[in-house]
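Trainee:
Protein chains in written order, with this note's numbering: chain R, 5 to 430; chain P, 5 to 430.
1. Determine contact between the segment 194-211 of chain P and the segment 263-276 of chain P, defined as no fewer than three beta-carbon pairs at a distance below 8 Å.
2. Chain P partners of residue 373 of chain R, CB-CB under 7 Å?
3. Over what stretch of residues does the beta strand (DSSP E) that includes residue 145 of chain P continue unbroken?
4. Quick one: which chain R residues come within Cβ less than 8 Å of residue 71 of chain P?
5. Grab the span of the beta strand (DSSP E) containing residue 409 of chain P for me, first residue to last.
6. Distance, Cα to Cα, residue 344 of chain R vs residue 377 of chain R?
7. Whole beta strand (DSSP E) runs in the segment 56-119 of chain P with 3 or more residues, listed along the chain?
8. Would you list, in chain order, the members of the segment 276-289 of chain R that have their beta-carbon closer than 9 Å to a beta-carbon of chain P?
9. If we ignore side chains and look at the alpha-carbon of each, how far apart do residue 411 of chain R and residue 420 of chain R end up?
10. Express the C-alpha separation of residue 352 of chain P and residue 20 of chain R in angstroms, rounding to a whole number.
11. Report the partner residues of residue 177 of chain R according to the DSSP bridge assignment.
12. Looking at the secondary structure, which residues open and close the beta strand (DSSP E) in which residue 243 of chain R lies?
13. Does the beta carbon of residue 118 of chain R sit closer than 7 Å to a beta carbon anywhere in chain P?
14. Taking all protein chains shown into account, do 16 or more other C-beta atoms lie within 10 angstroms of the C-beta of residue 336 of chain P, making it buried, or fewer, making it exposed?
15. Pull the bridge partners of residue 231 of chain R from the DSSP assignment, please.
16. Name, in chain order, the residues that DSSP records as bridge partners for residue 341 of chain P.
17. Which residues in chain R sit within 8 Å of residue 110 of chain P, going by Cβ to Cβ distance?
18. Report the neighbours of residue 141 of chain P on chain R: residues whose CB is nearer than 9 Å to its CB, in chain order.
19. Taking all protein chains shown into account, do 16 or more other C-beta atoms lie within 10 angstroms of the C-beta of residue 273 of chain P, making it buried, or fewer, making it exposed?
20. Tell me whether residue 235 of chain R is buried or exposed, calling it buried when 16 or more other Cβ atoms sit within 10 Å of its Cβ.
21. Ignore the nearest five residues each way along the sequence and tell me which others in residue 327 of chain R's own chain have a CB closer than 6 Å to its CB.
22. Hey, is residue 336 of chain P's beta-carbon within less than 7 Å of any beta-carbon in chain R?
23. Report the rounded CA-to-CA distance for residue 71 of chain P versus residue 322 of chain P, giving the unit in angstroms.
24. Scan the segment 349-371 of chain P for residues whose Cβ lies nearer than 7 Å to a Cβ of chain R and list them as they occur along the chain.
25. Could you name the residues of the same chain whose beta carbon sits closer than 8 Å to that of residue 40 of chain R, not counting the 5 residues immediately before and after it, in chain order?
26. Counting only C-beta atoms, is residue 319 of chain R closer than 7 Å to chain P at any point?
27. Write down the C-beta distance between residue 397 of chain P and residue 349 of chain P rounded to the nearest angstrom, noting that I regard them as a contact closer than 8 Å.
28. Whose CA, out of R/124, R/108, R/301, lies closest to the CA of residue 173 of chain R?
29. For chain R, is any of its Cβ atoms less than 7 Å away from the one on residue 89 of chain P?
30. Expressed to the nearest angstrom, what Euclidean distance is found between the alpha-carbon atoms of residue 168 of chain P and residue 161 of chain P?
31. Closer than 9 Å, Cβ to Cβ, to anything on chain B: give me those residues from the segment 320-334 of chain R, in chain order.
32. Determine, using beta-carbon pairs with one atom in the segment 122-138 of chain R and one in the segment 246-259 of chain R, whether at least three such pairs fall under 8 Å.
33. Leaving out five residues before and five after residue 242 of chain R in sequence, what residues of the same chain have Cβ atoms less than 7 Å from its Cβ?
34. Against residue 56 of chain P, what residues of chain R qualify as contacts under a CB-to-CB distance less than 7 Å, listed in chain order?
35. Rounded to whole angstroms, how far is the Cβ of residue 380 of chain P from the Cβ of residue 417 of chain P, which I believe are closer than 8 Å?
36. Sorted by chain position, which residues of the same chain lie with C-beta nearer than 6 Å to residue 182 of chain P's C-beta, five sequence neighbours on each side aside?
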């Protein structure tokens, strides 16, 4: 019986004498069956979860703490303060919710809207569609404003629509559309919304862009933005981030969609004492704390420049492989690059071959399943990983009869990166 | 610039050559500011999050993987199969949702009910009250069936109420009430519900009991039960567990409460291919996988016996300190023990003194704040940790003028444990 081993070892000092846990002492090897772990050296290039720095991984293995104690409160305050400063807000509250990014999208909707509210969802891909679907599920009166997949939304067209439409209560926007590798001109879109009749609330899915791409919450008039720990923040998934500005708080007071777990007011009330209403993902926060520190150490302009330069490298490398990128140059994301699968190349076997070499990329979503492939390059990434991904993909393309000069593409990736960095950080 | 360091290190083998991440290579010490970590040897005796075994902590530091890849699918299947067998179900689906236990409570409600549905909430404490509050927030017509705090619900009284009341769509029950240290006679309560007019759905908050206390989902006719990774399962918080039986699935088809993130049907659809609809807390699952393995290795009857014996030890030890336990003997929980704070002892300074010695216990909740103290003893716990907690509390009581023989209480804790184990495992 495992627990009996400590039964005769009565401590005697006033200091709590527990060393190691019951299972550590009982002499059973918990690893006697193999754990499913990735092989060493896997190059995880999906658009999240992203590879996490060794320091973050180590932090995640720290002993558990009381989520209502002083250590936790200090950690919560450091993370929320750090995120706030990195996204340019002094007036919004950063709330850390235990959940996926999609949970934060739901939270953004149910805290600011009432059933029947007119909502415009600007959708340019699968995640914009998800925003619309959630809003509809909770009874919003949803109008969709669409761009073709692979393109960004046009601020002038949005302004025109808003000027002629009945006023909306809120406009839901995507900062960076993960399904197509497109970044929206968020500043201009937000300005168009604020100029519209009724000055609708500006609610942003910033999940795959925040932290990595320029974002100025207060200056751009973003009322509410959500993100998630496993993207540019370099943590593991499990913490959803909601940043709530004054106009969103005012909307929350009037909002009548049902909510309990995701209730922002409850989260703010507990955050004031350094806690969360419900037991949070403590170990994920251990890691996120370090991820945010790493970003603050780097400095946000340098982080943005690094992501822009790696994106330039990815684009150059993939084009050197003869691939066609999904997005037009001005619409391309700095965190996700999508390319069309060459004619006649079947995604399943091609993807399996790349995975066999340790390269993990993502395929297309929804209507684009089997048609495109997507590379994530956000968070803890350097040009080395990206060039390696391009090279391995090039070698695999060649094996599948789509001749490509992998070494040349590797070189093009690095060169475009260096050129972009030279301009950004002269 | 951090990422530039790898720029000239072009790989050349066909195998992906990434070793270590960009931040590992850049030579910055991420620990240059202190991290808030608990001191070594802290005895975390709150009712969750619980201390996690070293093997679980190590697993949480594994490299990130693709949540839509084969390694993840194998892990998901192992965890869900393991949990199902440990709680006695062959017919229910085990769903792993990223969130806190309270999120799983919300999920249980919104997936099985429609606004206006008559729901009986059997509440014996703060977590029963939470169940009622969530159901009301989503528009259920809630009737409360209460026991006094500190007591269990009476199956005969419940049967009597159900026989005379208009039929309910569902009855919400608490397996183990964390706020008072009381376990409900769940088997008998469930039987009373099934005998009632309309055969209401039996929905159980099993968060702080499941895995540690006897529970037979299929045999007892439990339609839906929820739990959370950080309780008896020995993981970190962040994964909510929902186990959904056939009658709950049927209810879900008719249920009209709005839902998106918590939608069970969506979770089941993705689980069939070894995935989750939204990005899950992968690192928490790494740990939970090991926690479930440890429980399977121990065997559920032995796990239940260990928890019962440690509870007996805790009760004996606290009574030896002269404390009065909250619950009557037949109602006492095997995972949480609550005792009244002695007259004239102020909780704040007393708690601070215990924390100064590394002993972390919980105070009272809601109306019982400052009146009781609660010890968690679930998951990775042996009698050594519990006896140590009793001894440190005894020494602190003495310092506060509430004379107690700490060494004798330590001995009584161990003796009661040994006696209980001798009966359970002769």
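Glycine included, every Cβ here is placed at the ideal spot set by N, Cα and C.
Mentor: Reading off the structure:
1. Result no; under three Cβ-Cβ pairs closer than 8 Å.
2. Result: empty, since nearest Cβ-Cβ is about 12 Å, beyond 7 Å.
3. If you look at residue 145 of chain P, you'll find it in the beta strand (DSSP E) that goes 145-150.
4. By Cβ distance, chain R contributes 53, 241.
5. Following the DSSP letters along the chain, one finds residue 409 of chain P in no beta strand (DSSP E), marked with neither H nor E.
6. Roughly 6 Å separates the two Cα atoms.
7. The segment 56-119 of chain P contains these whole beta strand (DSSP E) runs: 97-102.
8. Those would be 280, 281, 282, 283, 284, 285, 286, 287, 288, in chain order.
9. Roughly 14 Å separates the two Cα atoms.
10. Legend: pLDDT at residue 20 of chain R = 44, less than 50; position of this residue unreliable, no value from coordinates given.
11. Beta-bridge partners of residue 177 of chain R (DSSP): R/208.
12. Note, residue 243 of chain R: beta strand (DSSP E), 243-248.
13. By this cut-off, residue 118 of chain R is not an interface position.
14. Buried, because 16 or more other Cβ atoms sit within 10 Å of the Cβ of residue 336 of chain P.
15. Beta-bridge pairing links residue 231 of chain R to R/245.
16. For residue 341 of chain P, the beta-bridge partners assigned by DSSP are P/379.
17. Residues of chain R passing the Cβ test: 264, 265.
18. By Cβ distance, chain R contributes 262, 263, 264, 267.
19. By the 16-neighbour rule on beta-carbons within 10 angstroms, residue 273 of chain P is exposed.
20. Under the 10 Å beta carbon count, residue 235 of chain R is surrounded by 16 or more other beta carbons and is classified as buried.
21. Answer for residue 327 of chain R: 343, listed in chain order.
22. It does not: the Cβ of residue 336 of chain P has no partner Cβ on chain R nearer than 7 Å.
23. Rounded to the nearest angstrom, the gap between the Cα atoms of residue 71 of chain P and residue 322 of chain P is 46 Å.
24. Among the residues of the segment 349-371 of chain P, those with a Cβ less than 7 Å away from any Cβ of chain R are 361, 362, 363, 364, in the order of the chain.
25. With a pLDDT of 37 at residue 40 of chain R, under the threshold of 50, the predicted position of this residue should be treated as unreliable, though the coordinate-derived value follows. Within the same chain, no Cβ atom closer than 8 Å to the Cβ of residue 40 of chain R is found once the five residues on either side in sequence are excluded.
26. Not one chain P Cβ lies under 7 Å of residue 319 of chain R.
27. About 11 Å separates the beta carbons of residue 397 of chain P and residue 349 of chain P, which is beyond the 8 Å limit, so they are not a contact pair.
28. Of the candidates R/124, R/108, R/301, R/124 places its Cα closest to the Cα of residue 173 of chain R.
29. Output row for residue 89 of chain P: interface = no.
30. Roughly 11 Å separates the two Cα atoms.
31. Structure shown: chain B not included; protein chains present are R and P.
32. Touching, no, given that fewer than three Cβ pairs across the two stretches are closer than 8 Å.
33. Once the five neighbours on either side are set aside, the close Cβ partners of residue 242 of chain R are 102, 233, 285, 288.
34. Listed along the chain, the chain R residues whose CB falls inside 7 Å of the CB of residue 56 of chain P are 68.
35. The pair is not a contact, with the Cβ atoms about 15 Å apart (cut-off 8 Å).
36. Closer than 6 Å at Cβ, skipping near neighbours: 51, 131, 212, 340.
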